[in-house]
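Peer 1: Next up is a structure, given as structure tokens.
Numbering (our numbering), first residue to last: 1214 to 1862.
Take a look at the structure:
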């Protein structure tokens, strides 16, 4: 009987689902492809439904569901980190708590509920999922693996060995020391969005000089020969706050972070280049250490940093390993695939599928596909004009259009799994045309003009055009273009550049007019801002109250745990409870004092039980659940047992 395993990643970024059958990848997709919410982190309902539909099975036929990390271990890391900085980390802690209290802490129940599933639910570790996604689909039966990302539960990078159906993690680097978070810190500082803008920083790097490399090594990281390092947390804020860097970081790098959408300057380009150079050096040192430790001939890569195709290209050219294979969905989306594969091979202990020297990723074409009938039905329904042609006519027409400078939207076959457009859902133009990059970036994709594109070339022509002698089907290796193939600037381009300069000068004059008007509007805005601050303070106060009220449920759970746990575990839970209350105390949280025999006061107490008692009525006999107040305001009354006179009816 076949073994079906559903893998899930969710609640950080790029949630996804994957279904495997007897170790074969049947389907995989990111939730964003269905909701059209970029990097959608929510529970991947649509992706799951697609996977089950692709295999023509229902939930009851699943042998297991695997989630890509251990939420409780991750929560312990968050709790320990925030409570280590009680004055600084509490704001970030309070903001993260609602999602944890509502969903993440109860992941097993949530999965069972969302899927109406009563079977096995497994939780491989985060980096185990990454390692599984790197090794098992690779073309190797024995290989080393290296996973590098922001952070999982505690690990930020790890390496080990894959041997047939087993993977073994040998060593880990732990939070807060993280190459992924170092890259994200500079992503934030250069004005891009963390967890989605890192590839923009990589694309910006070629325009800069490595002028900040020495500062990074001197002040930010202590890099060892084996690629491990420690970060100087005096310059970072991601472990305690809502931003990645602090004022000290700004002073080190010549000013505050660039505001998103503001003009890019040479500073940002130089920062990007310096960071990229440091990243490549760390990756190379790590890989050399992995080779020295494991002795393996091949290397598999995964984790968000493995999407740094420039670094991957440098690593390949170092010839540390005979060959390298990189998981196309190397980030958190690929964790869904890794969780399913780790469960199949490690939990169910199944033999490794025969690979015959080929990878099992299926080109990463693992997503949705549509028949001609479905496409025609959609176009007709939305009154979109179309013309149907045969395959030969299609190829001829597309080739002519591209050769004539046209840009093609290509929708064909199964959708790609992972962030790269691999020719199934792609925008295609002529890479030989010097105008194409600017045209695609500014007129088609409406994005920054510096952003690069990946050229597509026949496998047998790779070494003719690039300093590369192997296939690169997943857009994860960058190689230099051979000098004889590089285009020189034409006289027409030089003339165009002069025309652009004249247009910019006129635009600067218009800008000055707008700035004068903006200064006048600014004065009015300042007065408005003062009024809004007062209203905002009131709103924040209510928000904090609601969040702390939710946290009280965690404290109640800790109380129950302390009462029922063994002595050693009870002491640990009591310590966590004490630290949590200490962290909340600066915000004005106090326990309501209750003494046996006190008079019942409905403004402070809530009567849960009434019991006949010799003596005065309305006296407190027992506190059942503690109450709390926040700056003199009761947010939860003490729940008590109250006396009534004997035989009073």
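Where is the CB? At the ideal position from N, CA and C, for every residue including glycine.
Judging by CA-CA distance, which residue of 1235, 1243, 1237 is the nearest neighbour of residue 1222?
Peer 2: In this structure, 1243 is the residue among 1235, 1243, 1237 with its C-alpha nearest to the C-alpha of residue 1222.
Peer 1: Quick check on residue 1554 - is its C-beta less than 8 Å from some C-beta in chain D?
Peer 2: The question asks about chain D, but that chain is absent: this structure has only one protein chain.
Peer 1: Would you report the Cα separation of residue 1571 and residue 1353, rounded to the nearest angstrom?
Peer 2: 8 Å
Peer 1: Quick test of your reading: residue 1339 and residue 1281, contact by CB under 8 Å. State the CB separation rounded to the nearest angstrom.
Peer 2: 6 Å
Peer 1: Express the C-alpha separation of residue 1613 and residue 1599 in angstroms, rounding to a whole number.
Peer 2: 18 Å
Peer 1: What does a CB cutoff of less than 8 Å around residue 1717 pick up in its chain, not counting 5 residues either side in sequence?
Peer 2: A caution first: residue 1717 carries a pLDDT of 47, below 50, which makes its placement in the model too unreliable to give a value.
Peer 1: Note down, one range per segment and in chain order, each alpha helix (DSSP H) of at least 4 residues found wholly within the segment 1572–1620.
Peer 2: Listed in chain order, the complete alpha helix (DSSP H) runs (minimum 4 residues) inside the segment 1572–1620 are 1585–1594, 1604–1616.
Peer 1: If we count the other Cβ atoms within 10 Å of its Cβ and call it buried at 16 or more, is residue 1623 buried or exposed?
Peer 2: exposed
Peer 1: Just tell me which of 1348, 1768, 1844 has its CA closest to the CA of residue 1236.
Peer 2: 1348
Peer 1: Identify which residue in 1800, 1816, 1797, 1556 has its Cα closest to the Cα of residue 1806.
Peer 2: 1816
Peer 1: For the beta strand (DSSP E) containing residue 1376, name the first residue and the last one.
Peer 2: 1368–1376
Peer 1: Where residue 1772 and residue 1794 are concerned, what is the direct C-alpha to C-alpha distance, given to the nearest angstrom?
Peer 2: Taking the straight line joining both Cα atoms gives about 12 Å.
Peer 1: Using C-beta distances below 6 Å, list every residue in its chain close to residue 1787, excluding the 5 sequence neighbours before and after it, in chain order.
Peer 2: 1775
Peer 1: Bridge partners for residue 1622 per DSSP, in chain order?
Peer 2: 1640
Peer 1: Out of curiosity, what's the CA-to-CA distance linking residue 1630 and residue 1231?
Peer 2: 10 Å
Peer 1: With DSSP as the reference, please indicate the residues paired to residue 1444 in a beta bridge.
Peer 2: 1434
Peer 1: Output the boundary residues of the beta strand (DSSP E) element that contains residue 1358.
Peer 2: 1355–1361
Peer 1: Excluding the 5 residues preceding and the 5 following residue 1405 in the sequence, name in chain order all residues of the same chain whose CB lies nearer than 8 Å to its CB.
Peer 2: 1411, 1413, 1414, 1473
Peer 1: Hey, how far is the Cα of residue 1475 from the Cα of residue 1444?
Peer 2: So the alpha carbons of these two residues sit roughly 29 Å apart.
Peer 1: Relative to the C-alpha of residue 1274, which residue among 1372, 1332, 1855 is closest?
Peer 2: 1332
Peer 1: Pull up the CB-CB distance for residue 1260 and residue 1279, whole angstroms please, since I reckon it's below 8 Å.
Peer 2: About 14 Å; that fails the 8 Å criterion.
Peer 1: Under 8 Å, do residue 1288 and residue 1295 count as touching if we go by C-beta distance?
Peer 2: The Cβ-Cβ distance between residue 1288 and residue 1295 does not fall below 8 Å.
Peer 1: Output the boundary residues of the alpha helix (DSSP H) element that contains residue 1536.
Peer 2: No alpha helix (DSSP H) contains residue 1536, which is instead part of the beta strand (DSSP E) from 1536–1539.
Peer 1: Using a 10 Å radius around the Cβ and a threshold of 16 neighbouring Cβ atoms, would you call residue 1829 buried or exposed?
Peer 2: exposed
Peer 1: Under a three-way DSSP split, which group does residue 1499 fall into?
Peer 2: helix
Peer 1: What's the gap between the Cα of residue 1285 and the Cα of residue 1365?
Peer 2: 12 Å
Peer 1: Does the separation of the CB atoms of residue 1653 and residue 1522 fall below 8 Å?
Peer 2: no
Peer 1: Measure from the alpha carbon of residue 1663 to the alpha carbon of each residue in 1839, 1485, 1227, then state which is nearest.
Peer 2: 1485
Peer 1: Helix, strand or coil for residue 1834? Go by DSSP, reduced to three states.
Peer 2: If DSSP states are grouped into helix, strand and coil, residue 1834 belongs with the strands.
Peer 1: I need the straight-line Cα distance from residue 1511 to residue 1373, nearest angstrom please.
Peer 2: C-alpha separation (whole angstroms): 12 Å.
Peer 1: List the DSSP bridge partners of residue 1846.
Peer 2: 1843
Peer 1: Mark residue 1549 as exposed unless 16 or more other C-beta atoms lie within 10 angstroms of its C-beta, in which case mark it buried.
Peer 2: buried
Peer 1: Could you pull out every residue in the same chain whose Cβ sits closer than 6 Å to the Cβ of residue 1676, ignoring the five residues on either side in sequence?
Peer 2: 1682
Peer 1: For residue 1638, which residues of its own chain have a beta-carbon under 7 Å away from its beta-carbon, when the five flanking residues on both sides are left out?
Peer 2: 1624, 1628, 1629
Peer 1: Where do the N-terminal and C-terminal ends of the alpha helix (DSSP H) with residue 1268 fall, by residue?
Peer 2: 1258–1268
Peer 1: Output the distance between the C-alpha atoms of residue 1577 and residue 1636, rounded to the nearest integer angstrom.
Peer 2: 11 Å
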